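Participant: The structure's right below; bear with me while I get my questions together.
Protein chains: 2
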Amino acid sequence: MMALRCPIHKASALFSPQTMKAVSSPPCASTPRKWLHTCKTFFLQHHRQPYTANIAFSASASASPSISVVDDDAMGYIFGHNKATQVAHLVWKYVVRSGDTVIDATCGNGNDTLAMLRMVADDSASGCVYGFDIQQQALRNTSLLLDDSVTPEEKQMVKLYAICHSRMEDVVPVDKLARLVAFNLGYLPGGEKSIITRPETTILALKAAQRKLAIGGLISAIVYVGHPGGREEYAAIEDFASQLHADEWKCCKFQTLNRPAAPIVIFIFRK
Amino acid sequence: MMALRCPIHKASALFSPQTMKAVSSPPCASTPRKWLHTCKTFFLQHHRQPYTANIAFSASASASPSISVVDDDAMGYIFGHNKATQVAHLVWKYVVRSGDTVIDATCGNGNDTLAMLRMVADDSASGCVYGFDIQQQALRNTSLLLDDSVTPEEKQMVKLYAICHSRMEDVVPVDKLARLVAFNLGYLPGGEKSIITRPETTILALKAAQRKLAIGGLISAIVYVGHPGGREEYAAIEDFASQLHADEWKCCKFQTLNRPAAPIVIFIFRK
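Top to bottom, those sequences are chains F and D.
Just so it is clear: in the first sequence, position 14 is 14 by the working numbering, and no numbers are missing.
Quick note, the working numbering runs 1000 ahead of the 1-based positions in the second sequence.
Rendered as structure tokens:
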């Protein structure tokens, strides 16, 4: 048996390499056959060759059949299938370990908070997520998502604050350094679009994040430029990152060129 | 046993997770112990915690110990360890298959030509690399590198032309579509720095590459901005990529923000 991931829904089902039939429920189609059809169509479209047992499984017992290559998260971004947030989460996983302290500077609807909690949660409950949002609605949404997704013990590792992220140092203890500080800027999805993050406080928050960041830690920012004020905020962040000393920081960005309103991902890594 | 990759030389040796000793020859140090020391130093430097069996192998029988994460090529770029060319080669590998036709639009000293040949070479010799450079010295260097690195049969899959890459359609047969067209712009490393690629011909070559590209194929460009004329060339390419229709093309760039002269990597993927 081997696990195959659906290239669209990123969920796995068990497959028999001999019969090419699913042996567990497929996650995102009504029948195993339809699910396999989805994979085959996707593979053919992107590889211009049929998705057969020979091509997909060079060794029938391989744990990483070649179709999994197609839907790798980082490559998915380059080839246009994946969102910026998926790329950001992938990079976070390379930095964050269980037991770490991390900061979600913009809780929003809680998706990033939840992803971070899953990365730091450990049996000893030494991991910790500090979450910030100026909107009570955002913190309520985050809290509800956590209620639905994790145990009460795990939820206790998350501390939510309805204050501006530029004041993160007011609540995160002096002796706690963060492995990750993540920003997902703009407005609350589904909320009031006139309430947006603004360059002045975003830059103050980035400076606070710098001071709170452990060596080897990462500041991650997803910046939206499609709403009024977005481009100004992006310009301020790019200017901020460009001025950091290259001996201590590596700052890079991933940007889609032919979709002007696509979010831009900025990583600021403390060496 | 498990395979561990050296974070510097990208080669693997077999290791025993119980004893933390190498059981096959280490690829890039005189003794297994020295090789493990290299890995440990690297891990400590980048993760600020000792590289122990517990940390490196969360499950002792895991096929992907966490140290391999540290030296992943794409992540290495974000964290400042790897070069732009390494990221480009990694992305090429996701697109190119043995038997493909590919085009090296700027042979230079032949490193990219060689990397491409290794991706397309197959027993039936149906794979093909078309290489272009206006400098005879570059083609000589490329030919010598191939002589040193591959068999005569493999070398025959490479066709080198001392013409401008904007004329690639003059020599690549009409019925041959390329899976990859790669540009590594600027001047010949070690050569005459006044001979550089120029925006006018680079854009003509990119347009030719578009016409020669198979569906699902990739145009890859590493653009240097540290030499006179580099920024103008980069601006022209960015402008070109930005105007491609998002329904048919995904264009993105990876850029280091706090090293103004660092090369910029642009990928143009035909959907």
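Quick reminder that beta carbons are idealized off the backbone N, C-alpha and C, glycines included.
Fair warning: this is a prediction, and the values are worked out from it, not measured in the lab.
In this structure, how does DSSP classify D:PHE1079 when only helix, strand and coil are distinguished?
Facilitator: In the structure shown, D:PHE1079 sits in coil (DSSP, three-state: anything other than H, G, I, E or B).
Participant: What residues in the stretch 1149-1182 of chain D have a beta carbon less than 7 Å from any beta carbon of chain F?
Facilitator: Those would be none; no residue qualifies.
Participant: If you run the structure through DSSP and keep just helix, strand and coil, what is F:GLN156?
Facilitator: Looking at F:GLN156 - three-state DSSP - the assignment turns out to be coil, as it is neither helix nor strand.
Participant: With respect to the alpha helix (DSSP H) encompassing D:LYS1093, which residues constitute its N-terminal and C-terminal limits?
Facilitator: First-last of the alpha helix (DSSP H) with D:LYS1093: 1084-1095.
Participant: Count Cβ pairs between the stretch 1181-1200 of chain D and the stretch 1142-1162 of chain D that sit closer than 8 Å; are there 3 or more?
Facilitator: Judged by Cβ distances under 8 Å, the stretch 1181-1200 of chain D makes no contact with the stretch 1142-1162 of chain D, as fewer than three pairs qualify.
Participant: What residues in its chain sit with their C-beta under 6 Å from that of F:ALA84, if we drop five residues either side in the sequence?
Facilitator: So the list reads ILE222, PRO263, VAL265, once near-sequence residues are dropped.
Participant: For D:GLU1238, which option in D:LYS1253, D:ALA1246, D:VAL1096 has the closest C-alpha, if you only look at C-alpha atoms?
Facilitator: Among D:LYS1253, D:ALA1246, D:VAL1096, the Cα nearest to that of D:GLU1238 is on D:LYS1253.
Participant: So the candidates are D:LYS1155, D:TYR1161, D:MET1157; which of them puts its Cα closest to the Cα of D:GLY1131?
Facilitator: For D:GLY1131, the nearest C-alpha among the options comes from D:TYR1161.
Participant: So that I know if they touch, is there some Cβ in chain D lying closer than 8 Å to that of F:CYS107?
Facilitator: Chain D, which has no Cβ nearer than 8 Å to the Cβ of F:CYS107, makes this no.
Participant: Which of helix, strand or coil does DSSP assign to D:ALA1214?
Facilitator: Reduced to three states, the DSSP call for D:ALA1214 is strand.
Participant: Would you say D:MET1075 and F:TYR94 are within 8 Å of each other, going by their C-beta atoms?
Facilitator: Contact: yes.
Participant: Got a sec? Which residues, its chain only, sit under 7 Å from F:ILE203 by beta carbon, not counting five neighbours each side?
Facilitator: Excluding residues within five positions, the ones whose Cβ falls inside 7 Å are ALA236, PHE240.
Participant: Between which residues of its own chain and F:GLU154 is the CB-CB distance below 7 Å, once the five residues before and five after are set aside?
Facilitator: Answer for F:GLU154: LEU117, ALA121, listed in chain order.
Participant: Looking at chain F, which residues of the stretch 1242-1255 of chain D have a Cβ within less than 8 Å of any of its Cβ atoms?
Facilitator: Residues passing the 8 Å Cβ filter: SER1242, GLN1243, LEU1244, HIS1245, ALA1246, TRP1249, LYS1250, CYS1251, CYS1252, LYS1253, PHE1254, GLN1255.
Participant: I want to verify the contact list: residues of chain D whose CB lies under 8 Å from the CB of F:LEU146, in sequence order.
Facilitator: Going along chain D, no residue has its Cβ under 8 Å from F:LEU146, so there is no contact; the nearest lies around 24 Å.
Participant: Residues of chain D with CB closer than 8 Å to the CB of F:ASN258, please, in chain order.
Facilitator: Result: ALA1241, SER1242, GLN1243, LEU1244, HIS1245, ALA1246, TRP1249, LYS1250, CYS1251.
Participant: Look up F:ARG198 in the DSSP assignment and say whether it is helix, strand or coil.
Facilitator: Residue state, collapsed to three classes: coil.
Participant: Which of the three DSSP states, helix, strand or coil, is assigned to F:LEU144?
Facilitator: Note: F:LEU144 maps to helix in three-state DSSP.
Participant: Whole angstroms is fine: what's the gap from F:ILE134's alpha carbon to F:CYS164's?
Facilitator: Going by the C-alpha atoms only, they are around 5 Å apart.
Participant: Please classify D:VAL1102 as buried or exposed, where buried requires at least 16 neighbouring CB atoms within 10 angstroms.
Facilitator: By the 10 Å Cβ count, D:VAL1102 comes out buried.
Participant: Which bits of chain F does D:GLU1238 rub up against, with CB to CB less than 7 Å?
Facilitator: The contacting residues are LEU257.
Participant: Listing by chain order, which chain F residues have their CB less than 8 Å from the CB of D:VAL1091?
Facilitator: Going along chain F in sequence order, the residues near D:VAL1091 (Cβ under 8 Å) are MET75, ILE78.
Participant: Which first and last residues belong to the alpha helix (DSSP H) in which D:LEU1180 is found?
Facilitator: Per DSSP, D:LEU1180 belongs to no alpha helix (DSSP H); it is in the beta strand (DSSP E), 1178-1184.
Participant: Just list the residues that DSSP pairs F:ASP104 with in beta bridges.
Facilitator: F:ASP104 is bridged to F:GLY131, F:ALA182.
Participant: Measuring CB to CB, does D:ILE1196 end up less than 8 Å from D:GLY1229?
Facilitator: It is a contact, given that the beta carbons lie within the stated cut-off.
Participant: Rounded to whole angstroms, how far is the Cβ of F:HIS89 from the Cβ of F:ALA115, which I believe are closer than 8 Å?
Facilitator: The pair is a contact, with the Cβ atoms about 5 Å apart (cut-off 8 Å).
Participant: Please decide whether D:LYS1083 counts as near chain F, where near means a Cβ-Cβ distance under 8 Å.
Facilitator: Taking Cβ atoms only, chain F never reaches closer than 8 Å to D:LYS1083, which makes this a no.
Participant: Does the beta-carbon distance from D:VAL1129 to D:VAL1172 come in below 8 Å?
Facilitator: Not closer than 8 Å, so no.
Participant: Does F:LYS271 have its Cβ less than 8 Å from a Cβ in chain D?
Facilitator: At least one chain D Cβ lies under 8 Å of F:LYS271.
Participant: Please confirm whether F:PHE132 has its beta-carbon closer than 8 Å to some beta-carbon of chain D.
Facilitator: F:PHE132 does not count as touching chain D.
Participant: Who are the Cβ neighbours of F:GLU169 in its own chain at under 6 Å, not counting the five residues just before and after it?
Facilitator: Here the set comprises ALA208.
Participant: So is F:ALA205 buried or exposed if we call it buried at 16+ other beta carbons inside 10 Å?
Facilitator: When all chains shown are included, F:ALA205 counts as buried.
Participant: Do we get a CB-CB distance below 8 Å when we pair F:THR52 with the residues of chain D?
Facilitator: Unreliable placement is indicated for F:THR52, whose pLDDT of 41 sits below 50; the coordinate value is still reported in the next sentence. For F:THR52, the answer is no, since every Cβ of chain D falls outside 8 Å of its Cβ.
Participant: For F:THR113, does the three-state DSSP call read helix, strand or coil?
Facilitator: In the structure shown, F:THR113 sits in a helix (DSSP, three-state: H, G or I).
Participant: For F:VAL91, which of F:ARG198, F:GLY217, F:LEU213 has the nearest alpha-carbon?
Facilitator: Of the listed residues, the one whose Cα sits closest to F:VAL91 is F:GLY217.
Participant: Give me whichever residues DSSP pairs with D:ILE1222 in a beta bridge.
Facilitator: DSSP, once it has assigned bridges, lists D:ASN1184, D:VAL1265 as partnering D:ILE1222.
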